[in-house]
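Peer 1: Have a look at the structure that comes next, please.
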Amino acid sequence: MERLVCHDCQKEYPLASSHFRCTCGGLLDFQADWPPVDPIAAGDGEGLWRFRAALPFGGAEDRALVASVSLGEGGTPLLPAGGAEPQLWLKADYYMPTLSFKDRGAVMLALAAKKFAFREIAIDSSGNAACALAAYAARAGLTCHVFVPASASAAKLRQIRAHGAVLHAISGNRSDVAAAAMAAVTENNWYYASHVYNPLFYQGTKTYFWEILAQCAQRGVQPPQVYILPVGNGTLLLGAYQAFHELIHWGLLERFPHVVAVQAAACAPLYAAWRQGASVPLQITAEETVAEGIAIAAPPRGRQILAALREMNGEMVVVEDDAILAARADLAAHGIYVEKTSAANYAAYRQLLACRPEFAKSRVVLPLCGAGIKSD
Ligand SMILES: *Cc1c(COP(=O)(O)O)cnc(C)c1O
Ligand SMILES: [Zn+2]
12 MERLVCHDCQ KEYPLASSHF RCTCGGLLDF QADWPPVDPI AAGDGEGLWR
62 FRAALPFGGA EDRALVASVS LGEGGTPLLP AGGAEPQLWL KADYYMPTLS
112 FKDRGAVMLA LAAKKFAFRE IAIDSSGNAA CALAAYAARA GLTCHVFVPA
162 SASAAKLRQI RAHGAVLHAI SGNRSDVAAA AMAAVTENNW YYASHVYNPL
212 FYQGTKTYFW EILAQCAQRG VQPPQVYILP VGNGTLLLGA YQAFHELIHW
262 GLLERFPHVV AVQAAACAPL YAAWRQGASV PLQITAEETV AEGIAIAAPP
312 RGRQILAALR EMNGEMVVVE DDAILAARAD LAAHGIYVEK TSAANYAAYR
362 QLLACRPEFA KSRVVLPLCG AGIKSD
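Quick note on our numbering: the sequence shown kicks off at 12 and runs consecutively.
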């Protein structure tokens, strides 16, 4: 049975509910009892739906629903970096329908809302998560309310508007915007399609990692030893945790790979906590950064992210804006045009290589999360 379970007190809620938090205040996780699915052997379905046997809405009864909401998400290329970096692979999710990996999670949330007969959904985000959800909501025939900070990026707002979403500009910080969204959701009985609070999102992002394993096997190369992952709200990092945790639970993987989590130096509450061995994000004063997509001063799942990173044998690094911009220019000079935020990952790789030359021997995967035209 698929269900929502409180991360703190284990109280269970049905998937069809509009709860986005436990009555104890805890955040909800998703649980299911799927039989083992080997990502290398899984094959029935297109894009990320080849893993349908271990995905929500993957059953035969939902095939028509999925076909009506899917935009062809998943199945993105794994590119060898080539040149001087023969062990480096780039997983290019900027090829996704709305040009970022957020489509993997957004499709799950739109499917949930449609299946559970909600007509209106809401999200708070100024970035790629809102672009993705607005597109999938439009595809599914749902009205999408997007709560944004008054300072959101123009290119992303244009994309959100183009899909017909209703924009609600809220003054204040990200937490104020989230609070406004939650209040409206509760008052109007909308579906809260938050990429942060709604745990179905991570069922989508886990497919990112299963695809990488399948692609490596297809090419006859060993799976990656290191994943460099950007972290703001942790939607990709928690997807990694889901992906590898399930494989370990099924006996298909021995241990977690090494994960390097990346934050922008100007906004690094998780890095600050990590360095001190703290279990919750530290209170910081966020400064401006070109990596706006990972600039989250108070990530609601911060405690969960830090715990997952510890369990995954992880580490954290921060990168400066000038290194991010240089990394972006370098990728573009090699034909790869990503948004500024997404270049933080490559900047982190180069930084690690500079201080640990032996790192060049590791098989590393670097995510290319969002397309270059997304940056203003
Ligand atoms: C969402 C996103 C990330 C990761 O951010 P999280 O808040 O940790 O999910 C990184 N890069 C880009 C381009 C993104 O859109
Ligand atoms: Zn609880």
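Beta carbons are placed, not taken as given, at the ideal position from N, Cα and C, and that holds for glycine.
These numbers come from a predicted model, not from an experiment.
Looking at C-alpha atoms only, which residue of W45, V159 and L59 is the closest neighbour of L82?
Peer 2: Sequence index remark: in the sequence shown, residue 82 carries index 71 (1-based). Per the Cα distances, L59.
Peer 1: DSSP state of A251, grouped into three classes?
Peer 2: In the sequence shown, residue 251 corresponds to position 240, counting from 1. A251: helix per DSSP, three-state reduction.
Peer 1: Answer yes or no: the CB of S353 versus the heavy atoms of ligand 1, is any distance below 8 Å?
Peer 2: Position 342 of the sequence shown, counted from the start, is the residue given in the question as residue 353. True, at least one ligand heavy atom lies under 8 Å from that Cβ.
Peer 1: Check each candidate in L293, A284 and I347 and name the one with the smallest Cα separation from P91.
Peer 2: For this step, residue 91 is matched to residue 80 along the sequence shown. Closest by alpha carbon: I347.
Peer 1: Determine the direct distance from the alpha carbon of N184 to that of V271, and round the result to whole angstroms.
Peer 2: Here residue 271 refers to the residue found at position 260 when the sequence shown is read from its first residue. Here residue 184 refers to the residue found at position 173 when the sequence shown is read from its first residue. Each residue's alpha carbon lies about 28 Å from the other.
Peer 1: Alpha carbon to alpha carbon, how far is Q233 from N200?
Peer 2: Working through the sequence shown from its first residue, we reach residue 233 at position 222. Working through the sequence shown from its first residue, we reach residue 200 at position 189. For Q233 and N200, the distance between alpha carbons rounds to 48 Å.
Peer 1: Just reading off the alpha helix (DSSP H) that F41 is part of, what are its end residues?
Peer 2: Position 30 of the sequence shown, counted from the start, is the residue given in the question as residue 41. Segment L39 to Q42 is the beta strand (DSSP E) holding F41; no alpha helix (DSSP H) there.
Peer 1: Could you tell me which uninterrupted beta strand (DSSP E) segments, each at least 3 residues in length, are contained entirely in the segment 72 to 119, listed from first to last along the chain?
Peer 2: For the segment 72 to 119, whole beta strand (DSSP E) runs of length 3 or above, ordered along the chain, are 89 to 91 and 99 to 103.
Peer 1: Straight-line CA distance for I384 to A143?
Peer 2: Position 373 of the sequence shown, counted from the start, is the residue given in the question as residue 384. Position 132 of the sequence shown, counted from the start, is the residue given in the question as residue 143. The straight-line gap from Cα to Cα measures roughly 15 Å.
Peer 1: Would you please state the rounded distance, in angstroms, between the beta carbons of P235 and R374? I believe it to be under 8 Å.
Peer 2: Along the sequence shown, read from residue 1 onward, the residue named residue 235 stands at position 224. Along the sequence shown, read from residue 1 onward, the residue named residue 374 stands at position 363. 5 Å between Cβ atoms; contact.
Peer 1: Going by other Cβ atoms of all chains shown within 10 Å of its Cβ, with 16 needed for buried, is E298 buried or exposed?
Peer 2: Start at 1 with the first residue of the sequence shown, and residue 298 comes out as number 287. Flag for E298 reads exposed.
Peer 1: Relative to the C-alpha of P97, which candidate in W221, G381, T34 and F370 has its C-alpha closest?
Peer 2: The sequence position of residue 97 within the sequence shown is 86, counting from 1. Minimum Cα distance to P97 is reached at F370.
Peer 1: Find the nearest neighbour of E303 within the set A145, F212, C380 and S290, judged by alpha-carbon distance.
Peer 2: As a working note, residue 303 is residue 292 in the sequence shown. Nearest C-alpha to E303: C380.
Peer 1: Regarding T87 and ligand 1, is the C-beta to nearest heavy atom distance less than 8 Å?
Peer 2: Along the sequence shown, one-based indexing puts residue 87 at 76. No, Cβ of T87 sits at least 8 Å from all heavy atoms of ligand 1.
Peer 1: So which residues touch the region around ligand 2, with touch meaning a C-beta under 6 Å from any heavy atom?
Peer 2: Every residue passing the under-6 Å Cβ criterion appears here: C17, D19, C20, K22, C33, C35 and G37.
Peer 1: Assess contact between the segment 201 to 218 and the segment 277 to 294, defined as three or more Cβ pairs (one per stretch) separated by less than 8 Å. Is contact present?
Peer 2: Verdict: no, contact absent.
Peer 1: If you count every other CB in all the chains shown that lies within 10 Å of the CB of Q294, and 16 or more means buried, which is it?
Peer 2: Walking along the sequence shown from the start, residue 294 turns up at place 283. With fewer than 16 Cβ atoms within 10 Å of its Cβ, Q294 is classed as exposed.
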